[in-house]
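Presented below is the structure to which this report refers.
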Amino acid sequence: MKDLYDTQRAMRNVRQAAMQRGVIALLDIGTSKIACLVLRFDGPDILAANDGIGAMAGQSRFRVIGAATTRSRGVRFGEIDAMQETECAIRTAVQAAQKMAEVRVDHVIACFSGARPRSYGLDGSVEIEEGLVTENDIGRVLASCEMPDLGPDREVLHAQPVNFALDHRSGLADPRGQAGNTLATDLHLLSVDATAIRNLFFCIKRCDLELAGIASSAYASGISSMVEDELELGGACIDLGGGSTGISVFMKKHMIFADSVRMGGDHVTGDISMGLQVPLAVAERVKTFYGGVVATGMDDREMIEVGGNTGDWERDRRTVSRAELIGIMRPRIEEILEETRARLDAAGFEHLPGQQIVLTGGSSQIPGLDGLAAKILGSQVRLGRPMRVQGLPQAATGPAFSSSVGLALFAANPQDEWWDFDVPAETYPARSLKRAVKWFKDNW
Amino acid sequence: MTRPIRDPAPSKWGYRWQRWMLTPGVRTGLRVGVPLALVLAVGGIWAAQDGNRALVAETFASATEAFRNRPEFIMRSLSVSGADEPLADRITKIAQIDFPVSSFDIDLEALRREISDLEAIAGARVWIGEAGTVRIDVVPRDPVALWRTVEGLRLIDGQGVFSGRVETRAERRDLPLIAGQGAESYIDEALTLFRRAGPISDRVRGLVRRGDRRWDMVLDRGVRIALPSVDPAAALDRVIAMHTATALLDRDVSIVDMRMKTRPTVRVSKDAVTASRNAARDLRPIEAMQ
Numbered sequence: 001m002k003d004l005y006d007t008q009r010a011m012r013n014v015r016q017a018a019m020q021r022g023v024i025a026l027l028d029i030g031t032s033k034i035a036c037l038v039l040r041f042d043g044p045d046i047l048a049a050n051d052g053i054g055a056m057a058g059q060s061r062f063r064v065i066g067a068a069t070t071r072s073r074g075v076r077f078g079e080i081d082a083m084q085e086t087e088c089a090i091r092t093a094v095q096a097a098q099k100m101a102e103v104r105v106d107h108v109i110a111c112f113s114g115a116r117p118r119s120y121g122l123d124g125s126v127e128i129e130e131g132l133v134t135e136n137d138i139g140r141v142l143a144s145c146e147m148p149d150l151g152p153d154r155e156v157l158h159a160q161p162v163n164f165a166l167d168h169r170s171g172l173a174d175p176r177g178q179a180g181n182t183l184a185t186d187l188h189l190l191s192v193d194a195t196a197i198r199n200l201f202f203c204i205k206r207c208d209l210e211l212a213g214i215a216s217s218a219y220a221s222g223i224s225s226m227v228e229d230e231l232e233l234g235g236a237c238i239d240l241g242g243g244s245t246g247i248s249v250f251m252k253k254h255m256i257f258a259d260s261v262r263m264g265g266d267h268v269t270g271d272i273s274m275g276l277q278v279p280l281a282v283a284e285r286v287k288t289f290y291g292g293v294v295a296t297g298m299d300d301r302e303m304i305e306v307g308g309n310t311g312d313w314e315r316d317r318r319t320v321s322r323a324e325l326i327g328i329m330r331p332r333i334e335e336i337l338e339e340t341r342a343r344l345d346a347a348g349f350e351h352l353p354g355q356q357i358v359l360t361g362g363s364s365q366i367p368g369l370d371g372l373a374a375k376i377l378g379s380q381v382r383l384g385r386p387m388r389v390q391g392l393p394q395a396a397t398g399p400a401f402s403s404s405v406g407l408a409l410f411a412a413n414p415q416d417e418w419w420d421f422d423v424p425a426e427t428y429p430a431r432s433l434k435r436a437v438k439w440f441k442d443n444w
Numbered sequence: 001m002t003r004p005i006r007d008p009a010p011s012k013w014g015y016r017w018q019r020w021m022l023t024p025g026v027r028t029g030l031r032v033g034v035p036l037a038l039v040l041a042v043g044g045i046w047a048a049q050d051g052n053r054a055l056v057a058e059t060f061a062s063a064t065e066a067f068r069n070r071p072e073f074i075m076r077s078l079s080v081s082g083a084d085e086p087l088a089d090r091i092t093k094i095a096q097i098d099f100p101v102s103s104f105d106i107d108l109e110a111l112r113r114e115i116s117d118l119e120a121i122a123g124a125r126v127w128i129g130e131a132g133t134v135r136i137d138v139v140p141r142d143p144v145a146l147w148r149t150v151e152g153l154r155l156i157d158g159q160g161v162f163s164g165r166v167e168t169r170a171e172r173r174d175l176p177l178i179a180g181q182g183a184e185s186y187i188d189e190a191l192t193l194f195r196r197a198g199p200i201s202d203r204v205r206g207l208v209r210r211g212d213r214r215w216d217m218v219l220d221r222g223v224r225i226a227l228p229s230v231d232p233a234a235a236l237d238r239v240i241a242m243h244t245a246t247a248l249l250d251r252d253v254s255i256v257d258m259r260m261k262t263r264p265t266v267r268v269s270k271d272a273v274t275a276s277r278n279a280a281r282d283l284r285p286i287e288a289m290q
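So the protein lines, in turn, are chains A and B. In terms of the numbering used here, the first sequence opens at residue 1 and continues consecutively. In terms of the numbering used here, the second sequence opens at residue 1 and continues consecutively.
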């Protein structure tokens, strides 16, 4: 636990150094594509100059100066599977983005969707000594949270304090400086497989880059594709990616739950490939051009040419109707959404005040998905696209880039994490001595 | 599954090379340093050949020469102002400028120093005047006294600086004469004394500095007035007062000693002593008779 704390602190220092230099790269390592954005920070004084005009959510402080996407290689279910190939893909993306930005980037913030994220809600409380809450007290109360058993080979990815309570008052965002006796906190902790993080570290290092932060891609897509009141009142973001579907539930602008379903668009492609007996590339093409989830009478007559690409152009020419294609795609998408529904139910999503569900990610572009999702997930479903940030190329504004854009927001104004606060360096003897002194004071 | 046709991943070294080329220092080096080095190298190789260097030097020299010899810079005459005829002749001789000459070739500062070094000149200004004239403006030293030394008679100005020589006293009858060691440092005092001489001024031959301390005023017939070192003018005034009252200096005295303020002493000449003694002897019987 302590070493992770140190690693995260080191990453935070690297991020601060990158902010000082003004250039940072964001790497979204997905199953179907790897996207790299290069951000240039203009410094906080730009913001002060036109205060109240364009500074919504702080994103006017940076500008995207480079963007590149490449086909992902060696990534399965959002985890690095073949390191050499992933490294190649990361190099491709970073090189192209650097070329566009015309600047060398050394620091990278990465996100990934897989690695079996698991959410824990922790709470802790502590007595305040001076009557006023200080920064030190927050560090103490965060340290007082009881650490759950994460299981073997698990690491903490996010540990964000989502709520503070002071005596009877709950829902405090920042209790510093307030008077009270007992400070309690709720901490959302997200753990992932340690091997995935290790592989990511290693992969980034092999590309001569330095890791300045890691984030869950479900979290990143949530902050970029959900609007402010959805984040405030409660909502879920479902990032339908290639290899896995990320779920993040937000309330009061904090992520309170995250999970992932290990199914995504690639499985749909696989189904089409198997069902229609065509290669994966053809299946992918057919899916993106003709895919859908709601069949109509018209679709029976719309014939799609698929070839086995066996070289036998004379014999191997087949056509399928679009209805057939939809018939293959729909069950898989239903399955994904059902699974998502189950995860949300398990998280108690129905108890939230707002139950807006935002579908984003590359697979959310399937026509008719919102109608299907409304049937399975509930009525409040919308398709989300990432927030517009300055300098983002038109090609990178689609829903497939919501986690990349979310990383930019994450880099520009990161949420407090547990490791942003100093852990009180109290040792037991010192504490017991203090307690003894207090006992004497109280009794004499 | 068919493999993608081409997977455009950069090689590790290609990636590193590109990153290196995007490093700001390297970019600046390539944009500025390489052209600079190239130009320097080409220039260096060209200049390494003696002929080329000589060519450059020659071209430069001829261009400079041509510029210097432009008619605007040609000096044609020398004009000396503030000096009398013989001094101006000397200055012209010293300057030794062969006209016409370019103004760049005249070292005005050296010329000024040379002229200022002349004894008869207190200060000089040398400048390039209009119409190709080298102008020399001198302030000659004004001699105020003659100083007799073992080497002869010298002219001396108010600051005690020699400004020339004369052969005989007769050449400058208008100037007072001083002599003695250290006399040149007390010119002002000497001049004051000469001015205060008043009624006896036509009899004054000169002032002699004694022991670098005090003055002796020498009159005709070898009469001396020994003046004190402190306030000699007042002492001289007293002597003159005595002279007006008793015609002291018309008598046969050899030294009027004023060195002690409270006791002026007169030394009578030897003949006068004898004469007065004789007179006393001659008068005694007459007194006895009375």
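The C-beta atom is built at its ideal place from N, Cα and C for all residues, glycine as well.
Kindly examine the ligand NAP and report whether one of its heavy atoms sits closer than 8 Å to the Cβ of M263 of chain A.
-> No copy of the ligand NAP appears in this structure; indeed no ligand is present at all.
Around the C-beta of K434 of chain A, are 16 or more other C-beta atoms found within 10 angstroms, so that it is buried, or is it exposed?
-> One-based indexing of the first sequence puts residue 434 of chain A at position 434. Exposed.
Leaving out five residues on either side along the sequence, give the residues of the same chain with a beta carbon under 6 Å from the beta carbon of S403 of chain A.
-> Numbered from 1 along the first sequence, position 403 holds the residue referred to as residue 403 of chain A. Within the same chain, S403 of chain A has close Cβ partners D28, C111, S217, A220 and S221.
For D216 of chain B, which option in B:A245, B:A241, B:L177 and B:G198 has the closest C-alpha, if you only look at C-alpha atoms?
-> Locating residue 216 of chain B in the second sequence gives position 216, counting from the first residue. Checked all of B:A245, B:A241, B:L177 and B:G198; the closest Cα to D216 of chain B is B:L177.
Euclidean distance between Cα positions of A346 of chain A and G327 of chain A | As a first step, residue 346 of chain A must be located in the first sequence, where it is residue number 346. As a first step, residue 327 of chain A must be located in the first sequence, where it is residue number 327. Going from the Cα of A346 of chain A to the Cα of G327 of chain A covers about 29 Å.
Complete runs of the alpha helix (DSSP H) confined to the region 210-271 of chain B [at least 4 residues] = 232-246
Neighbourhood of Q18 of chain B by C-beta distance below 8 Å, restricted to the same chain and skipping five residues each side = To locate residue 18 of chain B, count along the second sequence from 1; it is residue 18. Closer than 8 Å at Cβ, skipping near neighbours: P10.
Going along chain B in order, which residues have a C-beta closer than 7 Å to the C-beta of V448 of chain A?
-> Nothing can be reported for residue 448 of chain A, as the shown portion of chain A is limited to 1 through 444.
Three-state secondary structure (DSSP) at M11 of chain A?
-> For this step, residue 11 of chain A is matched to residue 11 along the first sequence. If DSSP states are grouped into helix, strand and coil, M11 of chain A belongs with the helices.
Does A55 of chain A get closer than 9 Å to chain B when you measure Cβ to Cβ?
-> By one-based count along the first sequence, residue 55 of chain A stands at place 55. With a pLDDT of 40 at A55 of chain A, under the threshold of 50, the predicted position of this residue should be treated as unreliable, and no value is reported.
Just by C-beta distance, which residues in the region 183-211 of chain A are closer than 8 Å to chain B?
-> C207 and D208
Who are the Cβ neighbours of A100 of chain A in its own chain at under 7 Å, not counting the five residues just before and after it?
-> Here residue 100 of chain A refers to the residue found at position 100 of the first sequence. The sequence given here places Met at residue 100 of chain A; Ala does not occur at that position. Excluding positions up to five away in sequence, the list reads G66, A67 and A68.
How would you list, in chain order, the residues of chain A whose beta-carbon sits under 7 Å from the beta-carbon of A66 of chain B?
-> Here residue 66 of chain B refers to the residue found at position 66 of the second sequence. The contacting residues do not exist; A66 of chain B stays about 52 Å from chain A at best.
What span of residues does the alpha helix (DSSP H) with K93 of chain B cover, start to end?
-> Within the second sequence, the letter at position 93 stands for residue 93 of chain B. It spans E85 to A95 - the alpha helix (DSSP H) in which K93 of chain B sits, taken as one unbroken run.
Considering only residues of the same chain and omitting the five flanking positions on each side of L153 of chain B, which have a CB-CB separation below 6 Å?
-> The residue given as residue 153 of chain B occupies position 153 in the second sequence. So the list reads L146 and V166, once near-sequence residues are dropped.
Who are the near neighbours of R9 of chain A in its chain, counting only those whose CB is closer than 8 Å to its CB and skipping five residues on each side?
-> Taking the first sequence and counting its residues from 1, one reaches residue 9 of chain A at position 9. Hits under 8 Å: W419.
Determine the burial state of T245 of chain A: buried for a count of at least 16 other Cβ atoms within 10 Å of its Cβ, exposed for fewer.
-> Position 245 of the first sequence holds residue 245 of chain A. Buried, since its Cβ has 16 or more Cβ neighbours within 10 Å.
Using 9 Å as the limit for Cβ to Cβ distance, is P71 of chain B near chain A?
-> Position 71 of the second sequence, counted from the start, is the residue given in the question as residue 71 of chain B. So, not an interface residue.
Contact list for R16 of chain B against chain A, beta-carbon separation under 8 Å = The residue given as residue 16 of chain B occupies position 16 in the second sequence. The contacting residues are D208.
Pick from A:Q415, A:A82 and A:E87: whose alpha carbon is nearest that of C207 of chain A?
-> Within the first sequence, the letter at position 207 stands for residue 207 of chain A. The shortest C-alpha separation from C207 of chain A is found at A:E87.
Alpha carbon to alpha carbon, how far is F250 of chain A from E232 of chain A?
-> As a first step, residue 250 of chain A must be located in the first sequence, where it is residue number 250. As a first step, residue 232 of chain A must be located in the first sequence, where it is residue number 232. Going from the Cα of F250 of chain A to the Cα of E232 of chain A covers about 7 Å.
Taking S116 of chain B as part of the alpha helix (DSSP H), name the residues at either end of that continuous run.
-> Position 116 of the second sequence, counted from the start, is the residue given in the question as residue 116 of chain B. Its alpha helix (DSSP H) spans residues L108 to S116.
Contact list for the region 353-364 of chain A against chain B, Cβ threshold 9 Å | none
Would you check if the region 113-123 of chain A and the region 43-52 of chain B touch, i.e. whether three or more CB-CB distances between them fall below 8 Å?
-> no
Buried versus exposed, by CB contacts within 10 Å (16 or more), N446 of chain A | In the structure as shown, chain A begins at 1 and stops at 444. Residue 446 of chain A is therefore absent and cannot be evaluated.
Chain-order list of residues whose beta-carbon lies under 7 Å from that of L87 of chain B (same chain, five-residue window excluded) = The sequence position of residue 87 of chain B within the second sequence is 87, counting from 1. Cβ within range, chain order: A120 and P140.
According to a CB-to-CB cut-off of less than 9 Å, which residues of the region 64-89 of chain A neighbour chain B?
-> T70, R71, R73, E85, E87, C88 and A89
Beta carbon proximity, K33 of chain A to chain B, threshold 9 Å = Within the first sequence, the letter at position 33 stands for residue 33 of chain A. No, no contact with chain B.
Run down chain B in chain order and give the residues with a C-beta less than 8 Å from the C-beta of T288 of chain A.
-> Position 288 of the first sequence holds residue 288 of chain A. Within 8 Å Cβ-Cβ: nothing; T288 of chain A doesn't reach chain B, min ~16 Å.
According to the neighbour-count rule (16 or more other Cβ atoms, all chains shown, within 10 Å of its Cβ), is T265 of chain B buried or exposed?
-> As a working mapping, residue 265 of chain B is identified with position 265 in the second sequence. Burial call: exposed.
is_contact[D105 of chain B, chain A] using C-beta, thresh 9 Å = Along the second sequence, one-based indexing puts residue 105 of chain B at 105. No, D105 of chain B does not count as interfacial toward chain A.
Could you give the DSSP three-state label for S77 of chain B: helix, strand or coil?
-> On the second sequence, position 77 is the one that residue 77 of chain B refers to. Note: S77 of chain B maps to strand in three-state DSSP.
CB-CB under 8 Å to Q59 of chain A, same chain, minus the five flanking residues each way: which ones, in chain order?
-> As a first step, residue 59 of chain A must be located in the first sequence, where it is residue number 59. Bear in mind that a pLDDT of 49 at Q59 of chain A, under 50, signals an unreliable position, so the number given afterwards is only what the model happens to contain. Same-chain partners within the cutoff: M387, V389, Q390, A408, L409 and A412.
Given S144 of chain A, which residues of its chain have a CB within under 6 Å of its CB, disregarding the five upstream and five downstream residues?
-> Along the first sequence, read from residue 1 onward, the residue named residue 144 of chain A stands at position 144. G124 and V126, listed in sequence order.
What in chain B is Cβ-close to T92 of chain A, meaning under 9 Å?
-> Start at 1 with the first residue of the first sequence, and residue 92 of chain A comes out as number 92. Under the 9 Å cutoff, chain B gives D7, P8, A9, P10 and Y15.
Quick one: what does DSSP say V273 of chain B is sitting in, helix, strand or coil?
-> Residue mapping note: residue 273 of chain B aligns to position 273 of the second sequence, counting from 1. Helix at V273 of chain B.
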